[in-house]
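Protein chains in written order, with this note's numbering: chain A, 1 to 982; chain B, 1001 to 1510.
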Amino acid sequence: MIARNVSSSAARAGQVDEAPTNRTPNGVFVELQTHLGRDPGVDLGTPPSSQTNLVQVLIDGATVQVPAGTSVMRAAALAGIKIPKLCATDQLAAFGSCRLCLVQIEGRRGFPASCTTPVEDGMKIATQSLRLAELRRNVMELYISDHPLDCLTCTANGNCELQDMAGVVGLREVRYGFAGENHFDKPSAEPKDESNPYFTFEPSKCIVCSRCVRACEEVQGTFALTISGRGFESKVSASAGESFLDSECVSCGACVNVCPTATLSEKSLIQLGQAERTVTTTCAYCGVGCSFNAEVKGQQVVRMVPNKAGGANEGHACVKGRFAWGYASHPDRLKEPMIRSSIDHPWRVVSWDEAFEYAASEIRRIQAKYGRKSVGGITSSRCTNEETWLVQKLIRTGFGNNNVDTCARVCHSPTGYGLKQTLGESAGTQDFLSVADSDVVVVMGANPSEGHPVFASRLKRRLREGAQLIVIDPRAIDLVRSPHIEAKFHLQLRPGTNVAMINGLAHVIASEGLIDEAFVAARCEEPAFHAWREFVLRSENSPEAVSEITGVPADLIRQAARLYATAGNAAIYYGLGVTEHSQGSTTVMGIANLAMATGNIGRRGVGVNPLRGQNNVQGSCDMGSYPHELPGYRSVKDVATRQLFNAYWNTEIDPEPGLRIPGMLNEAVAGSFKAMYIQGEDIAQSDPNTQHVQAALRNLECLIVQDIFFNETAKYAHVLLPGSSFLEKDGTFTNAERRISRVRKIVEPLAGLADWEVTMGFSRALGVPMHYHHPSEIMDEVAALTPTFAGVSYEKLDRLGSIQWPCNDDRPTGSPIMHVEEFTRGLGKFILTEYVPTKEKVTRKFPLILTTGRILTQYNVGAQTRRTDNVVWHHEDRLEIHAEDAAERGIADGDWVHIISRAGETKLRAKISERVQPGVVYTTFHFPESGANVVTTELSDWATNCPEYKVTAVEIRRSAEPTAWQVDFQATEQQQAELKSR
Amino acid sequence: MSVKVYVPCDTTAVSIGADRVAKRIAAQAAAAGRQITLVRNGSRGMFWLEPLVEVETEAGRIAYGPVTTGDIESLFAADFLHGGQHALRLGPTAEISYLKNQERLTFERVGVIDPLSLEDYQSHGGWVGLQNAMALSANEIVAEVKGSGLRGRGGAAFPTGIKWQTVLDTTADQKYIVCNADEGDSGTFADRMLMEGDPYCLIEGMVIAGLAVGATVGYIYLRSEYPRCWTTLSEAIRRCEAAGWLGENVAGSGRSFHLEVRLGAGAYICGEETALLESLEGKRGEVRAKPPLPAHVGLFGKPTVVNNVITLASVPLILARGGKYYHDFGQGRSRGTLTLQLSGNIQRPGLIEKAFGLTLRELLNDFGGGSASGRPLRAIQAGGPLGAYVPSHDFDLPLEYEAFAQRGAMIGHGGMVAFDDSVDMRRMARFAMEFCAEESCGKCTPCRIGSVRGVEVIDRIAQGQDREANLALLESLCDTMQHGSLCAMGGMTPFPVQSALQHFPEDFER
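As structure tokens, then:
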């Protein structure tokens, strides 16, 4: 894996345009050290070796040069020589159980398995002989003697490795007959397990290759599967003989992915049969941005198979991306544009043009009446870069102001701000692959196993290899202790005390001489650093003082700081538990300070890594969605930048920054902001203090909502523009590691137009026509106007698979690691991070702190995942409460409770949990009726207005009575449903 | 003066009443006002004489056996405490030809001493090897073991010194010594006898191994069917820790070695070294593919010496008397002594430690005294359930690794099970397949499915169904299993089957 980078730097040196081949001019086959050009359909049998010294072997007369440690099987595959195999796959460590891959090696006795035998220099290997053929055929004969011969009606027909291998070895008869002991006839066969909503497990077809068990361990890291029994009784068992659904299985699909037979099959495949074509695209869920090969039949997706060549996921996936795409064809999808003059009126279905005209005329009317700045819009972190680009362009050129913001406002805006200030670029510093080189990992305010599962699997793999883990989180997240994973330190701090904690860690590092002085001297601004050192050394930042604030013992803080500073490559991964605070930006800067102080920036295995919530948070920010910044994070006040855009767009960009989302909402409540264009964002559910949001939306005279569903915000809308799902359009997403990946159209937009076409239509109606025939032309415009994207094009994306920006003439294939030689801003800048407690304090009236988070099977507001079978795992939000707090209030597990804050009151069921500490309660906000954001407050980050979702003082009371908000919610729900159906 | 009376605490002796005998002797002595010191020693390995009671007299130890509780009164009456005449009197123990004709090196102390007495151990030559080893460098210890010619006594007969050298030469922050005490082969009991009769010898061997390769932690992987070993070893380890033979500072050397006993869970396959390591790590006992060898990537991924009990217990003597001393026993490439375990249809079953080179016939007749049934011996199965059957016409085969290998047989762990001419070799062949089906870990296909098919094919042969075709299929299956299996379990299961087919074809025609 390390070696891969070597080659991409070679590619950078100028070989990039040559078609990749793994055959050198003198005919030697070599390991291709990049995903580039590798056919993901070819399985090389075993993973690449991590060693670097090369050895040369002769396989069936072909010369192959590979790193030591490479298996004979892989070396052969590189030369195009296919050795029969069943248990081996290049996604899993060699196992050696199927015994089909036996070979003969000159000078060695017997028939070693090629998957488990590493090459040695000078080895001469024969992969075919009569003797080998006999052995392989006889092994296959044993397999088939215990296999049902229903190939014609089998799900795997057309895609069965067992069938393929039976053909390859030339099995012609089964001398044992089929009357013997077996697992397939009626009396013997175990029943099919259909409990999982997405795949079935049919034990009678199992060949016990253990691929599924190994995938669950090695790839996913959940350890839900095992082989129970021994000998002929050996069978795959989910947990302790439970059904898949009841077991610890997290339904990531890794097992299904590697199953060589029909034993583990997608239900969609069973229903639809094998696909006829494959389209590579990018998942539209979280910020990991997994690449998938959509297997398609006509306009129907048969299944989504994680792409081995996908840079972010390398063949892995989670329950959402892998399976939960059925929402795209859910009956709730909006299929026709609709308008109404008041939210009390029924909706009227209209043509696209009428909808555009109506929306445009309303905008113009309102601007005429309330002023140019009385309208604005929100771009979507779920839409493509191209679509986001168009929306902000429409607002800047069509609306004539900078009132554009994006949902990153409420999640990672502090990341953008904090990293820009310290490092000079509003983005994470590493690629995901980098974690494979980490020696110690800090996970702060993030819960990767739930929120970023595919990254969590990578991280867990590295932790199992021996890297150490520090978790900084108020809650005992899965990573603190799960199978084969245990955090060395869990700093279980009180919510809202992140900055104090960071300062405490910095204090230890500075006071114990653990600063990387050489790095700091060479790479950072000196005066700022000295000020910082002086600051963190103050007694108020000592572990003892910090312990008082955070509740974490001083000794733990000391040990964790020492580990971070001295264990080698140290990386910090953080999430919304860092940003969604009144001091979110301060913590981000504090994290950057720590990384700079210890020299953990600019190489593999280190860095500052924000885990982005939505698929295109990074991209939507990059595309100029902020009211104060044009694309590429360039201030709207900057004349040169404005001129560039003015010229290209033939417009006059407002030099004044526009309103942020909270500003728009406040102005709407105040009555001076009157119209919004919201693309793919449900602020009525996702933004804090729901009642305030609702009040603001009710005050609008024109709300234009573009979404795939009739979401909560749509209840307040006047124009509904049906959106298109990620399956219905072309474009790109940019994930948390700055990786730009293609989204490819698989089916036609349900309502006829892709989102980018909708924005074009609206813009045309506004009198500002846009002229694009394909999203690639939009990307060309992005590249022309944005230096970090200068080298990006669809042609290059098609060729390379994905590109991590910055991508320009200096870095034609992108930049996996940033700030290698110097920081983007030149010298890194330490920034003082004084701890200022949040105004949201616990009181006698509100004695508990509510903090919020995510769950694996649901995504964000749940609009997509609630419309899939994922609800079997999580069908309602629950309030986690510690047993002590519950007992004090007479609350039992499963009781309905009211959550009361100074902002509002809502009702959930309680779940007694040891994951939260006493004094802290926790919930998710995936269901609108939960009203989690009814109780969250309007307090926000001092720099960016990112809401303080993670700290709300609350009281919990046992009660099954509906809350006032919920009564109102139900009424609105019913009223709007009626208005829609009329 | 108090008289020392020895009654074995060994599992075999106990299974036929040694505890009751000991109790009765103590009671009888008390009643008679006789001062005795009852020592529960290990077994001398003459099972047909168990419970074997010994009395220490001026003329040395005098043996009586087999003693039952009913004999105690008459023994006292015969003044056995002074070596008095009695029908069960066997004379001086050391003069019993079965023992006298052995060359006991590894088993030197077994049956002689009180197993848990550190004093006894030390006074019978214990710890000398360790003390010598402490004066040597790691490489010198390994060289001594190499020079002894010691090969793995667990069955594979891999040269111990070379294995140790590999571990020594592999750099790692942690290394392990693992003792394979999962003695699962049918007809074997040497490991158990040693652990019950001389546990410190094994511990000393493991400490020396630790010094030799740079390992500071050792595990004894003990089969759960050996509860007495568990108690004996646990107590022995406790005493060694208290006396400073184990722990942070072994015998004041500044070197550390920690030892722990871990119990298996009844799976034969966990005697296979890689499955053993998996089990020791707390996982399902499933065979690992090799390479990597455990010497490179063993327990918890660290370089690990995995040796059998007898191998490790042979080490103290090698270090005490020198590799050459040990090497002088045996012949060819089979050096030192072999601990043979004789059982089955045999008159005098037991443990015979003898230099390599003895013939099977000498073993069976001179030591074993022929079949128990009195009928002619037809075959022996050598080396456990996966070992070949050696027919009587091959009984002149010398007990030597290479000689056995040439005949497609193996000495293995030294278990020799005798059968008389009433044995049905087709049934024995079926049993081999059945055993494999029962004990296969299930990882590789030839073993998992092949063993089940093997039973079915032999049954069809027995029923006379397409006999020729099924015989051919059985041969073919054996070939597939032998050459296709992942480990020795599936790879060697064909040996008893093939040998039965080869030497006793008539049994398959009935």
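Every residue, glycine too, gets a C-beta built ideally from N, C-alpha and C. Note that the structure is a prediction, hence the values are computed from the model and not measured.
Enclosing beta strand (DSSP E) for residue i [first to last residue]
{"i": "Thr852(A)", "result": "848 to 853"}
{"i": "Thr877(A)", "result": "In the sequence on display, residue 877(A) carries Asp and not Thr. Neither: Asp877(A) is in no beta strand (DSSP E) and is coded neither H nor E."}
{"i": "Ala294(A)", "result": "291 to 297"}
{"i": "Gly764(A)", "result": "Per the sequence shown, residue 764(A) should be read as Arg rather than Gly. Looking at the DSSP string, Arg764(A) is not in any beta strand (DSSP E); the run it does join, the alpha helix (DSSP H), is 755 to 765."}
{"i": "Gln56(A)", "result": "54 to 59"}
Of the residues the options, the one placed nearest residue i, counting alpha carbons only
{"i": "Cys621(A)", "options": "Glu777(A), Thr379(A), Gly761(A)", "result": "Thr379(A)"}
{"i": "Val820(A)", "options": "Met623(A), Thr429(A), Ser341(A), Pro112(A)", "result": "Thr429(A)"}
{"i": "Ala964(A)", "options": "Gln691(A), Ala510(A), Gly791(A), Ile515(A)", "result": "Gln691(A)"}
{"i": "Arg137(A)", "options": "Asn1132(B), Gly1484(B), Thr1011(B)", "result": "Gly1484(B)"}
{"i": "Gly229(A)", "options": "Ser1440(B), Arg1467(B), Ser1476(B), Ala1469(B)", "result": "Ser1440(B)"}
{"i": "Phe199(A)", "options": "Ser265(A), Ala528(A), Ala522(A)", "result": "Ser265(A)"}
{"i": "Gln1355(B)", "options": "Glu1058(B), Asn1101(B), Ile1072(B)", "result": "In the sequence as displayed, the identity of residue 1355(B) is Ala instead of Gln. Residue Asn1101(B) is the option with its Cα nearest to Ala1355(B)."}
{"i": "Asn447(A)", "options": "Arg303(A), Ser438(A), Arg854(A)", "result": "Arg854(A)"}
{"i": "Val1112(B)", "options": "Leu1136(B), Leu1088(B), Gly1060(B)", "result": "Gly1060(B)"}
{"i": "Glu248(A)", "options": "Leu979(A), Leu856(A), Trp325(A)", "result": "Leu856(A)"}
Whether residue i touches residue j by CB criterion (7 Å)
{"i": "Ala156(A)", "j": "Thr46(A)", "result": "no"}
{"i": "Glu712(A)", "j": "Asp682(A)", "result": "yes"}
{"i": "Val1217(B)", "j": "Val1306(B)", "result": "no"}
{"i": "Phe733(A)", "j": "Asn615(A)", "result": "yes"}
{"i": "Ser1023(A)", "j": "Phe244(A)", "result": "This structure cannot speak to residue 1023(A), because chain A is shown only from 1 to 982."}
{"i": "Gly577(A)", "j": "Lys911(A)", "result": "no"}
{"i": "Cys1009(B)", "j": "Arg1040(B)", "result": "yes"}
{"i": "Ala571(A)", "j": "Val606(A)", "result": "yes"}
{"i": "Phe292(A)", "j": "Thr278(A)", "result": "no"}
{"i": "Pro1199(B)", "j": "Leu1150(B)", "result": "no"}
{"i": "Pro1398(B)", "j": "Thr1339(B)", "result": "no"}
Endpoints, the alpha helix (DSSP H) within which residue i is located
{"i": "Glu823(A)", "result": "Residue 823(A) is actually Phe in this sequence, not Glu. That residue, Phe823(A), is in no alpha helix (DSSP H); it is neither H nor E in DSSP."}
{"i": "Ala990(A)", "result": "Limits of chain A in this structure are 1 at one end and 982 at the other, which puts residue 990(A) out of reach."}
{"i": "Arg909(A)", "result": "Not the alpha helix (DSSP H): Arg909(A) falls in the beta strand (DSSP E), residues 905 to 912."}
{"i": "Phe830(A)", "result": "Premise fails: Phe830(A) is in no alpha helix (DSSP H) and is neither H nor E."}
{"i": "Ala1030(B)", "result": "1018 to 1032"}
{"i": "Gly1210(B)", "result": "1199 to 1213"}
{"i": "Ser620(A)", "result": "617 to 622"}
{"i": "Tyr327(A)", "result": "Here Tyr327(A) belongs to no alpha helix (DSSP H), and DSSP marks it neither H nor E."}
{"i": "Tyr358(A)", "result": "352 to 370"}
{"i": "Lys420(A)", "result": "413 to 422"}
{"i": "Pro722(A)", "result": "Per DSSP, Pro722(A) belongs to no alpha helix (DSSP H); it is in the beta strand (DSSP E), 719 to 722."}
{"i": "Asp798(A)", "result": "794 to 800"}
* To do: Residues of the segment 1454 to 1488 of chain B with a CB closer than 8 Å to any CB of chain A: list them in chain order, please.
  => Under the 8 Å Cβ criterion, the segment 1454 to 1488 of chain B contributes Glu1456, Val1457, Ala1469, Leu1473, Ser1476, Leu1477, Asp1479, Thr1480, His1483, Gly1484, Ser1485, Leu1486.
* Asked: Along the chain, which unbroken stretches of the alpha helix (DSSP H) at least 4 residues long are found entirely within the segment 1085 to 1161 of chain B?
  -> 1097 to 1100, 1118 to 1123, 1128 to 1134, 1138 to 1148
* Proximal residues, the segment 1435 to 1447 of chain B versus chain A, C-beta separation under 9 Å -> Cys1436, Ala1437, Glu1438, Glu1439, Ser1440, Cys1441, Gly1442, Lys1443, Cys1444, Thr1445, Pro1446, Cys1447
* Asked: Between the segment 137 to 164 of chain A and chain B, which residues of the former have a C-beta closer than 7 Å to a C-beta of the latter?
  -> Asn138, Val139, Leu142, Tyr143, Ser145, Asp146
* Asked: What residues in the segment 1278 to 1291 of chain B bring their beta carbon closer than 7 Å to a beta carbon of chain A?
  -> Arg1284, Ala1289, Pro1291
* Contact set between the segment 197 to 225 of chain A and chain B, restricted to residues whose Cβ is under 7 Å from the partner -> Val208
* Which residue spans inside the segment 1319 to 1344 of chain B form an unbroken beta strand (DSSP E) run of at least 3? -> 1337 to 1344
* Length-filtered (4 minimum) alpha helix (DSSP H) runs lying within the segment 180 to 224 of chain A -> 211 to 214
* Asked: Which residues, in chain order, does the segment 177 to 189 of chain A contribute to contact with chain B at a C-beta distance below 8 Å?
  -> Gly180, Glu181
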